[in-house]
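First residue of the sequence shown? That's 0 in numbering that gives the first Met the number 0, and the numbers climb one at a time after it. Written below as structure tokens is the structure these notes are about.
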Amino acid sequence: MTEQVSTSRCDSPLLQAFVDNRLILVKIAARITGCRSRAEDVVQDAFFRLQSAPQITSSFKAQLSYLFQIVRNLAIDHYRKQALEQKYSGTEEEGLNVVVHGASPETSHMNFSTLENIADALTELPTRTRYAFEMYRLHGVPQKDIAKELGVSPTLVNFMIRDALVHCRKVSGNRPDTFARR
Numbered sequence: 000m001t002e003q004v005s006t007s008r009c010d011s012p013l014l015q016a017f018v019d020n021r022l023i024l025v026k027i028a029a030r031i032t033g034c035r036s037r038a039e040d041v042v043q044d045a046f047f048r049l050q051s052a053p054q055i056t057s058s059f060k061a062q063l064s065y066l067f068q069i070v071r072n073l074a075i076d077h078y079r080k081q082a083l084e085q086k087y088s089g090t091e092e093e094g095l096n097v098v099v100h101g102a103s104p105e106t107s108h109m110n111f112s113t114l115e116n117i118a119d120a121l122t123e124l125p126t127r128t129r130y131a132f133e134m135y136r137l138h139g140v141p142q143k144d145i146a147k148e149l150g151v152s153p154t155l156v157n158f159m160i161r162d163a164l165v166h167c168r169k170v171s172g173n174r175p176d177t178f179a180r181r
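Here it is, written out as structure tokens:
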């Protein structure tokens, strides 16, 4: 399989040297990465970096050394990244055998039941208190913004949130099918 290399001239002598020596650069990267397709990716990355690099006005030999060093460094980085990914990844079969704690039907039912009880407890609260609690705890709205919206002081919003939390814990602790306070 022969490759077609563009015969057009590049603006930069460094890029032209890159185009002229592309096959050698791919071979260098392939020796490090162990795969020709990965080496092609490395060389392509090097080309994109060279396009944005400043013009180098040194000898042709220095430019070639610079090109080889860039490709070598990128290939080593790519190889290290690949080795790290292989170290922490496993087969699909291993992934299917991972134990997920708390995923039993019993635990799921208990968690769902607790959430239902908390939702019921929130409906027992005054509307303004429930709104402040939900905005702060569920939506992450700062207390000072809630205070402005409700037309009350931030201290009162803080007390409303505390009262709602105490009420939810009390209701959750009184029902036998829910978790105790954590």
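C-beta atoms are modelled at their ideal positions from N, C-alpha and C, and glycine is treated no differently.
Local conformation of residue i per DSSP, three classes
i	result
SER103	coil
VAL140	coil
CYS34	coil
VAL41	helix
THR90	coil
ALA16	helix
SER84	Note that residue 84 corresponds to Glu in the displayed sequence, not to Ser. In this structure, GLU84 counts as helix in the three-state DSSP scheme.
GLU133	helix
ASN96	coil
LEU124	coil
GLY172	helix
VAL165	helix
Beta carbon of residue i nearer than 8 angstroms to that of residue j
i	j	result
ALA131	VAL165	no
THR128	ALA82	no
ILE27	PHE67	yes
VAL41	ALA74	yes
ALA38	ALA45	no
LEU13	LEU49	yes
Residue environment, residue i, which counts as buried when at least 16 other CB atoms sit within 10 Å
i	result
TYR135	buried
LEU137	exposed
SER116	It should be pointed out that residue 116 corresponds to Asn in this sequence rather than to Ser. Result: buried.
VAL97	exposed
PHE111	exposed
GLN62	buried
ARG181	At ARG181 the pLDDT is 37, less than 50, meaning the model places this residue with poor confidence; the figure from the coordinates comes in the next sentence. Classification for ARG181: exposed.
Residue i versus residue j - alpha carbon distance
i	j	result
GLU84	MET109	37 angstroms
ILE23	PHE47	17 angstroms
SER103	CYS34	44 angstroms
ALA52	LEU114	56 angstroms
ILE145	SER107	33 angstroms
ARG79	ILE31	10 angstroms
ARG168	LYS86	44 angstroms
SER36	TYR65	22 angstroms
GLN25	VAL70	The question names Gln, yet the displayed sequence has Val at residue 25. Near 8 angstroms, if we compare the C-alpha coordinates of VAL70 and VAL25.
THR190	GLU105	There is no way to answer for residue 190, as the model of the chain reaches only from 0 to 181.
ARG161	GLY172	16 angstroms
VAL151	ASP76	57 angstroms
VAL18	THR90	39 angstroms
SER11	SER88	42 angstroms
ASN72	GLU92	34 angstroms
ARG21	GLN43	10 angstroms
LYS147	GLY139	15 angstroms
Inter-residue CB distance, residue i and residue j (contact presumed, cutoff 8 angstroms)
i	j	result
ALA118	VAL170	Contact flag wrong, Cβ pair sits at about 10 angstroms.
PRO125	GLN142	Not really, about 17 angstroms apart at Cβ, beyond 8 angstroms.
Residue i CB to nearest heavy atom of the ligand GTP below 7 angstroms
i	result
LEU149	With respect to small molecules bound, the structure shown includes none, and the ligand GTP cannot be examined in it.
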